[in-house]
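A short write-up of the structure that comes next.
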Amino acid sequence: MHFNVRDEIIALTPKWTGERFPDGRPRVADRYLKALHNLTLEEVWKPIFVLGYENQFEGRLQVLHDDGRKLVGRAVTATFAPTRPDLHEAAFAAGMAEGRHGNYNQWVIDSLVEGDVVVADMYDKIYKGTFLGGNLTTAIRTRTRTGGGVIWGGIRDVEQMKKVEGVQVYYRGIDPTPIRDFVMTGFNTPTRIGNAIVLPGDVVFGAGGGVLCIPAHLVAQVVDGAAKTQVKDLFGFEMIAQNRFTTAQIDRNTWTEPMLDLLTAFIREDPRGEPYRTLDWSEEYRLAREGDPNDTQTAL
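Plus 214 on top of the position in the sequence shown (first one is 1) and you've got the working numbering.
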């Protein structure tokens, strides 16, 4: 039994062709993490959903800071199960042999680097399932600088946690009990947060009351796709207000060439279009000319 195995992480993420961390996790570029802070949940969700990644979102979570701040970072995953003596002995011995210290949750925190987010499936355990408290939240802040956690389980010491600057945590419940009676079954392996499946190195996007886990190999495409949705909304709202297009025309997945001409002119000429001037619209023009088989209904 081994934890956080580089070769296994690489095998789990074969579609990623870019830089990797020493542990094998995909290292999505910081500029994409920064760009995600300027996007909404719906803008980021749509490009994933239309590609068939329909099990990436979970909204049945509480949030440490309900002030609109986003949680964005690269996933470090951990999966836990109810304890049984022989399994705990085997798992703990494996961790000790790998030089790990403290309890299972401390192993995970100790592995974090800048830009990481802990994603832990505590099998919805809240009583004695408090993965984070004040001390470990402080450790997350120190190691990740801007990260936090997504915990399918409990937290404790909430008043202390809220005083730790620069973190955000999504969780299932609060309990004053310390963490007890659990065993780690996976570290940087596939894990589950409610309805969402998460791989190590996925980009966690916590916003709008829920968490979306973006496959690493899709992040660049998602950011560009979300930016396109954003500027189409900006332009489309104006066109509707001017009564130049109907909502049915604006809401279609595929716009006509004349509509795209007006959109790209808006991006070139209007100061509001400046952030979107590097976007490539050739695929949209191709679909407008050839027809989009998915454009049988209005856009999502």
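C-beta: ideal position from N, C-alpha, C; glycine also.
Check: Candidates Tyr337, Trp366, Lys248, Asp371, of which the one nearest glycine 348 by Cα; Outcome: Asp371
Check: C-alpha distance - valine 327 paired with methionine 453, whole-angstrom precision; Outcome: 45 Å
Check: Beta-carbon contacts of arginine 239 that lie in its chain and below 7 Å, excluding the five residues immediately before and after; Outcome: Ile223, Arg288, Asn402, Pro414, Gly415
Check: Distance CB(isoleucine 323)-CB(alanine 353) smaller than 8 Å; Outcome: yes
Check: Glutamine 511 versus methionine 473 - alpha carbon distance; Outcome: Low confidence applies here, because glutamine 511 scores a pLDDT of 46, under 50, leaving its location unreliable and the question unanswered by this model.
Check: Buried/exposed call for glutamine 456, threshold 16 Cβ in 10 Å; Outcome: exposed
Check: Cut-off 7 Å between Cβ atoms - residues of its own chain near threonine 227, not counting five sequence neighbours on either side; Outcome: Pro240, Leu413, Gly415, Ala430
Check: Length at least 4, wholly inside the segment 340-386: the alpha helix (DSSP H) runs in chain order; Outcome: 348-358, 372-376
Check: C-alpha distance - threonine 478 paired with tryptophan 469, whole-angstrom precision; Outcome: 12 Å
Check: Classification of lysine 442 by the beta-carbon crowding that lies within 10 angstroms, buried from 16 upward; Outcome: buried
Check: Cβ-based neighbour list, aspartate 244, same chain, cut-off 7 Å, excluding 5 preceding and 5 following; Outcome: Gly329
Check: Beta-carbon proximity check, glutamine 435 vs proline 261, cutoff 8 Å; Outcome: yes
Check: Tyrosine 318 versus alanine 305: straight-line alpha-carbon distance, rounded; Outcome: 9 Å
Check: Coil, strand or helix - methionine 453 by DSSP; Outcome: helix
Check: Alanine 462 versus glutamate 256 - alpha carbon distance; Outcome: 19 Å
Check: Own chain, CB closer than 6 Å to aspartate 395, minus 5 neighbours either side, in chain order; Outcome: Thr297, Lys342
Check: Check: asparagine 467 C-beta below 7 Å from any heavy atom of the ligand PLP; Outcome: For the ligand PLP, the structure offers nothing, since it holds no ligand at all.
Check: Top-ranked residue by Cα proximity to proline 236, from Gly450, Trp230, Arg220, Val242; Outcome: Arg220
Check: Proximal residues to leucine 432 (C-beta, below 8 Å), its chain only, five neighbours per side dropped; Outcome: Pro261, Ile262, Leu265, Tyr267
Check: Distance between leucine 493 and glutamate 303 (C-alpha atoms, nearest Å); Outcome: 54 Å
Check: Under the three-state DSSP convention, the category proline 296 falls into; Outcome: strand
Check: Straight-line Cα distance separating glycine 439 from valine 258; Outcome: 8 Å
Check: For glutamine 511, the three-state DSSP class (helix, strand or coil); Outcome: Bear in mind that the predicted position of glutamine 511 carries a pLDDT of just 46, short of 50, making it too unreliable to give a figure here.
Check: Own chain partners of glutamate 504 with C-beta closer than 6 Å, once the 5 adjacent residues on each side are dropped; Outcome: none
Check: Euclidean distance between Cα positions of phenylalanine 480 and phenylalanine 459; Outcome: 15 Å
Check: Continuous beta strand (DSSP E) stretch holding threonine 169: start and end; Outcome: Nothing in the structure corresponds to residue 169, since the chain is present only between 215 and 514.
Check: Tryptophan 495 to glycine 422 span [Cα, whole Å]; Outcome: 28 Å
Check: One or two residues paired with proline 240 in a DSSP bridge; Outcome: Arg234
Check: Beta-carbon proximity of threonine 293 to aspartate 338, cut-off 8 Å; Outcome: no
Check: Three-state secondary structure assigned by DSSP to glutamate 256; Outcome: helix
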